[in-house]
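Asks: Per the working numbering, the very first residue in the sequence shown carries number 79; after that it's consecutive.
C-beta atoms are modelled at their ideal positions from N, C-alpha and C, and glycine is treated no differently.
The structure displayed is predicted, hence computed values, not measured ones.
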Amino acid sequence: MSSKLEQLQALLAPVVEGLGYQCWGIEYVSQGKHSVLRIYIDKDGGILVEDCEAVSRQASAILDVEDPISSEYTLEVSSPGMDRPLFTLEQFASHAGEQVKIKLRSPFEGRRNFQGLLRGVEEQDVVVQVDNQEFLLPIDSIDKANIIPSFD
Numbered sequence: 079m080s081s082k083l084e085q086l087q088a089l090l091a092p093v094v095e096g097l098g099y100q101c102w103g104i105e106y107v108s109q110g111k112h113s114v115l116r117i118y119i120d121k122d123g124g125i126l127v128e129d130c131e132a133v134s135r136q137a138s139a140i141l142d143v144e145d146p147i148s149s150e151y152t153l154e155v156s157s158p159g160m161d162r163p164l165f166t167l168e169q170f171a172s173h174a175g176e177q178v179k180i181k182l183r184s185p186f187e188g189r190r191n192f193q194g195l196l197r198g199v200e201e202q203d204v205v206v207q208v209d210n211q212e213f214l215l216p217i218d219s220i221d222k223a224n225i226i227p228s229f230d
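(1) Measure the C-alpha to C-alpha separation of GLY175 and ASN191 and round it to an integer number of angstroms.
(2) So, at 6 Å on beta carbons, what are the nonlocal neighbours of THR152 in its own chain, with the 5 sequence-adjacent residues on each side left out?
(3) Rounded to whole angstroms, what's the CA-CA distance from ILE180 to SER219? Just pull it up for me.
(4) Less than 9 Å between the beta carbons of VAL107 and VAL133, yes or no?
(5) Is it right to say ALA88 is buried, meaning 16 or more other beta carbons lie within 10 angstroms of its own, or is it exposed?
(6) DSSP on SER172, reduced to helix/strand/coil?
(7) Let me know the secondary structure DSSP gives PRO163 once reduced to three states.
(8) Give me the Cα-Cα distance between GLN100 and CYS130, rounded to the nearest whole angstrom.
(9) Apply the 10 Å Cβ neighbour rule to VAL178 and answer buried if 16 or more other Cβ atoms are within range, or exposed otherwise.
(10) Measuring only from the beta carbon, is ARG162 closer than 8 Å to any heavy atom that is part of the ligand ADP?
(11) Taking all protein chains shown into account, decide if ASP120 is buried (16 or more other Cβ within 10 angstroms of its Cβ) or exposed.
(12) Count the other CB atoms within 10 Å of the CB of ALA139; is the residue buried (16 or more) or exposed (fewer)?
(13) Around the C-beta of ARG162, are 16 or more other C-beta atoms found within 10 angstroms, so that it is buried, or is it exposed?
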């Protein structure tokens, strides 16, 4: 995790949790003038627009005071949704048995994209089965991971 992301996590997670929500994860995509800071929140029973508004107001106030991002950015607050992103080993472990799509920062065994069955975690690795082959992907090498929703 980048130091900027760690800084934002340390700053914003207590704010989210103080409002009674789970801080599911934080994404910061730096793209010049179009950077985005996205905070995913969750709670039992799901997230409503009002929940996102409450977290957005509090997070904005903290970000204005602390000013951790010097350039312009857009703040988004969202529920993780059905195709929820996975950020931590605990989240990967709790979603074992589901289909996932994982993108790595750099190639592993000649590929960066993996789509298959999430088997769980082993130490610092995420175990994913693609076709009949299992891959152990180091959590630190994962750029993005999402659940693939099932509609059965």
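Replies: So, from the data block:
(1) Position 97 of the sequence shown, counted from the first residue, corresponds to residue 175. Position 113 of the sequence shown, counted from the first residue, corresponds to residue 191. Cα to Cα, GLY175 sits roughly 19 Å from ASN191.
(2) Translated into positions along the sequence shown, residue 152 becomes position 74. Excluding residues within five positions, the ones whose Cβ falls inside 6 Å are VAL114.
(3) What you label residue 180 is simply residue 102 of the sequence shown in a count that begins at 1. What you label residue 219 is simply residue 141 of the sequence shown in a count that begins at 1. Answer to the nearest angstrom: the Cα atoms are 10 Å apart.
(4) As a first step, residue 107 must be located in the sequence shown, where it is residue number 29. As a first step, residue 133 must be located in the sequence shown, where it is residue number 55. Contact flag unset, no.
(5) What you label residue 88 is simply residue 10 of the sequence shown in a count that begins at 1. So ALA88 counts as exposed.
(6) Position 94 of the sequence shown, counted from the first residue, corresponds to residue 172. DSSP places SER172 in helix when its eight states are reduced to three.
(7) As a working note, residue 163 is residue 85 in the sequence shown. In this structure, PRO163 counts as strand in the three-state DSSP scheme.
(8) The residue labelled residue 100 in the question sits at position 22 within the sequence shown. The residue labelled residue 130 in the question sits at position 52 within the sequence shown. GLN100 and CYS130: Cα-Cα distance of roughly 12 Å.
(9) Position 100 of the sequence shown, counting from 1, holds the residue named residue 178. That one is buried.
(10) The model depicted lacks the ligand ADP and carries no ligand whatsoever.
(11) The sequence position of residue 120 within the sequence shown is 42, counting from 1. When all chains shown are included, ASP120 counts as buried.
(12) Counting from one through the sequence shown, the residue named residue 139 turns up at place 61. Answer is exposed; the Cβ neighbour count stays below 16.
(13) As a working mapping, residue 162 is identified with position 84 in the sequence shown. Buried, because 16 or more other Cβ atoms sit within 10 Å of the Cβ of ARG162.
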